[in-house]
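Worksheet: the structure to be examined is printed underneath.
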Amino acid sequence: MDIIIDKLSKAYGSQQVLQDFSAVIPLGKTTGIMAPSGYGKTTLLRILMGLEQLDGGTVQGLEGLRQSAVFQEDRLCENLSAAANIRLVCPRKSPREIMEALAALELAGCAHQPARELSGGMRRRVALLRALMADYDILYLDEPFKGLDVETKAEVIAYTRKHIDGKTVLLVTHDLEEAQALGAHQILELRDH
Amino acid sequence: MSSITAAKGSGQIPTPIKFWAVVVWLAVWQAVSMALGQEILLVSPVSVVIRTGKLALEAEFWQTILFSFSRIAGGFFLAAILGTIMAALAAGFRRVEELLAPLVLTIKSIPVASFIILVLIWVSSRNLSMLISFLMVFPVIYTNVLSGICNTDPQLLEMAQVFELPASRRIRYIYVSQVLPYFRAACSLALGLCWKAGVAAEVIGIPDGSMGEKLYSAKIYLDTPDLFAWTLVIVLVSLAFERLFLALLDRIVARLERM
């Protein structure tokens with residue numbers, strides 16, 4: 044069964060962020076969500092993740108799905124090392140698996156450094172690895188490659204693509220090429236209301 | 146009594162104590178003492194050190210320290226544990242917070258001398274300092290740990306919710322590191338408070354074999370060298386306890402956070 048969003052509405056006070064938004068998100072595929080800033084992309088993800096209450100409409104098909112996410116912010120535990128941040132959400136992964144993943148994104152050298160000592164790009168990659176290595180049925184990616192330089196971004200996108208194949212992914216991005224590079228099956232565009 | 150929160154970001158860092166400044170003040174003390182020429186009015190620092198050294202050679206000296214230390218530190222540990230548990234409960238259940246608010250405010254507002262006299266009616270003077278130490282420490286720990294829990298980064302809590310982290314992991318890796326600065330700052334303040342209040346309680350209650358009793362005796366017999374010597378001992382013991390406890394706390398947390 045697909046995930047069906049029907050006439051979803053959300054307002055913050057007098058500001059209407061989403062108005063009667065409907066979409067069908069196919070399972071096992073990547074769906075891109077695009078819109079200018081302030082059009083409710085993150086709000087939509089937050090509603091789907093269960094972090095916000097919706098004002099109207101329904102969402103079906105999310106029940107029982109295990110979630111994983113790269114938030115707009117890195118949301119790392121500052122005192123924990125890069126490896127420990129990953130292990131925090133996926134304790135069943137062996138240290139070796141985690142080290143291999145970190146090495147794949149050129150983070151092996153800082154695996155044991157506390158997150159607070161990592162650069163912005165390193166932190167972003169750790170946040171992404173954490174999301175990719177978790178056991179999940181649906182993955183939310185909110186501008187996951189923000190802050191990465193062009194070269195690193197290409198490597199990280201390739202790595203991500205390899206690991207999300209056949210998974211349900213919702214990608215919020217401003218960059219159509221990014222969505223295409225991740226093999227987006229469809230692009231949902233949020234409109235002005 | 147005051148409550149504090151962990152310093153975050155801005156704020157002036159206090160200047161560390163410089164050795165030369167200590168030497169200057171000791172020299173001033175020595176000079177004034179020599180100028181007065183009466184040790185009963187102001188004993189010299191040299192005499193204090195000599196007297197402390199002599200006291201340290203007596204077995205009774207160590208028994209006295211042990212007596213006061215066990216009670217004051219006992220009261221501190223009890224309050225630290227209970228304050229943390231109650232703060233966790235208050236953070237989880239609004240009714241608990243509402244129930245405890247008047248109690249904590251009352252304990253904070255009542256002068257320590259009133260408490261000491263009141264408590265002397267209830268318990269024997271031997272355990273007075275433990276209860277007073279507990280009463281001084283509990284509100285500080287409770288208030289600060291509760292602040293720490295309430296100020297835990299909501300973004301990390303959302304992350305934990307999305308990844309469905311079990312409660313044990315949330316507590317160990319999110320709450321502990323977020324609340325620790327508050328708990329540590331509270332302990333640092335409370336450790337000073339509990340020694341001052343605990344010894345004051347002993348001076349009023351005069352339990353046999355306590356540091357407070359020694360101070361009281363020094364006052365009665367106008368034994369100024371003893372008064373200063375015991376004061377020095379109290380300061381040293383409380384400082385050593387504070388340093389040791391905070392160092393131990395840091396090590397425990399570092400071990401907890403290691404995965």
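Chains as they are written, first to last, in the numbering used here: chain A, 44 to 236; chain B, 146 to 404.
Ideal placement from N, C-alpha and C gives every residue a C-beta, glycine not left out.
In this text the structure is predicted, and so the values were computed from the model without any measurement.
- Task: Please list the segments of the alpha helix (DSSP H) lying wholly inside the region 177 to 262 of chain B, counting only runs of 4 or more residues, in order along the chain.
- Result: You should have 190 to 201, 204 to 237 and 239 to 254.
- Can you list, in chain order, the residues of the region 170 to 191 of chain A whose Cβ is nearer than 7 angstroms to any Cβ on chain B? So the list reads 177, given in the order they occur along the chain.
- Could you tell me which residues DSSP pairs with residue 188(A) in its beta bridges? Among the bridge pairs identified by DSSP, residue 188(A) is matched with none.
- Query: Among 183(B), 197(B) and 208(B), which residue has its Cα nearest to the Cα of residue 380(B)?
  - Reply: Nearest Cα to residue 380(B) within the set 183(B), 197(B) and 208(B): 197(B).
- So what's residue 366(B) in DSSP terms, helix, strand or just coil? Judged by DSSP in its simplified three-state form, residue 366(B) adopts coil rather than helix or strand.
- Message: Quick check: is the beta carbon of residue 92(A) nearer than 8 angstroms to any beta carbon in chain B?
- Response: Taking Cβ atoms only, chain B reaches closer than 8 angstroms to residue 92(A), which makes this a yes.
- Item | chain A contact residues for residue 320(B), given Cβ-Cβ distances below 9 angstroms | Within 9 angstroms Cβ-Cβ: nothing; residue 320(B) doesn't reach chain A, min ~11 angstroms.
- Message: Considering Cα atoms alone, identify which of 209(B), 229(B), 217(B) and 200(B) is closest to residue 339(B).
- Response: Each of 209(B), 229(B), 217(B) and 200(B) was checked against the Cα of residue 339(B), and the nearest Cα belongs to 217(B).
- Using a Cβ-Cβ distance under 8 angstroms, would residue 67(A) count as near chain B? So, not an interface residue.
- Message: Assuming the contact rule is C-beta atoms closer than 8 angstroms, residue 273(B) and residue 350(B) should be a hit. Round their C-beta distance to whole Å, please.
- Response: The Cβ separation is near 4 angstroms, so the contact holds.
- Roughly how far, in whole angstroms, is the beta-carbon of residue 257(B) from the beta-carbon of residue 345(B), given that I think they are within contact range, below 8 angstroms? So it is a contact: roughly 6 angstroms between Cβ atoms.
- Given that residue 301(B) touches chain A, what residues does it touch there, using C-beta distances under 8 angstroms? The contacting residues are 118 and 120.
- Going by C-alpha distance, which of 137(A), 188(A), 67(A) and 218(A) is nearest residue 80(A)? With distances taken between Cα atoms, residue 80(A) lies closest to 218(A).
- Query: Could you give the distance in angstroms between the alpha-carbon of residue 279(B) and the alpha-carbon of residue 127(A)?
  - Reply: Between the alpha carbons of residue 279(B) and residue 127(A) lies a gap of roughly 37 angstroms.
- Message: Going residue by residue through the region 54 to 82 of chain A, where are the continuous beta strand (DSSP E) segments of at least 3 residues, counting only ones entirely within it?
- Response: List check, beta strand (DSSP E) in window: 58 to 68 and 73 to 77.
- Contacting residues, own chain, Cβ-Cβ under 6 angstroms from residue 282(B) (five flanking each side not counted): Correct list, in chain order: 221, 224, 335 and 339.
- Bounding residues of the beta strand (DSSP E) (the contiguous stretch that carries residue 145(A)): Premise fails: residue 145(A) lies in the alpha helix (DSSP H), 138 to 147, not in any beta strand (DSSP E).
- Query: What are the uninterrupted segments assigned as alpha helix (DSSP H) that are 4 or more residues long and contained completely in the region 81 to 140 of chain A, given in chain order?
  - Reply: Complete alpha helix (DSSP H) runs here, min 4: 84 to 92 and 125 to 132.
- Of the residues that make up the region 127 to 140 of chain A, which ones have a beta carbon closer than 7 angstroms to any beta carbon in chain B? Listed by position along the chain: 127, 130, 131 and 132.
- Run the CB neighbour count on residue 53(A), radius 10 Å, all protein chains shown included, and call it buried at 16 or more, exposed below. It is buried - the Cβ of residue 53(A) has at least 16 other Cβ atoms within 10 Å.
- Message: Quick check on the burial criterion: 16 or more other C-beta atoms within 10 angstroms. Buried or exposed for residue 425(B)?
- Response: The question about residue 425(B) has no answer, for chain B in this structure spans 146 to 404.
- Using the beta-carbon of each residue, which ones in chain B are nearer than 7 angstroms to residue 112(A)? In chain order, 307 make up the part of chain B whose C-beta sits under 7 angstroms from the C-beta of residue 112(A).
- Query: Within the 8 angstroms Cβ cut-off, does residue 154(B) reach chain A?
  - Reply: A caution first: residue 154(B) carries a pLDDT of 45, below 50, which makes its placement in the model unreliable, though a value can still be read off. No, no contact with chain A.
- Item | Selection from 305(B), 215(B), 263(B) and 363(B) that minimises the alpha carbon distance to residue 93(A) | The residue with the shortest Cα to Cα distance from residue 93(A) is 305(B).
- Can we say the region 115 to 127 of chain A touches the region 146 to 163 of chain A, given the rule of at least three CB pairs closer than 8 angstroms? These segments touch.
- Residue of 46(A), 69(A), 134(A) and 87(A) minimising C-alpha distance to residue 313(B): Ranking 46(A), 69(A), 134(A) and 87(A) by Cα distance to residue 313(B) puts 134(A) first.
- Message: Would you say the beta carbon of residue 219(A) is closer than 7 angstroms to some non-hydrogen atom of the ligand SAH?
- Response: With respect to the ligand SAH, the structure shown offers nothing to examine, as it has no ligands at all.
- Query: Under a CB-based cut-off of 8 angstroms, is residue 280(B) close to chain A?
  - Reply: Not an interface residue.
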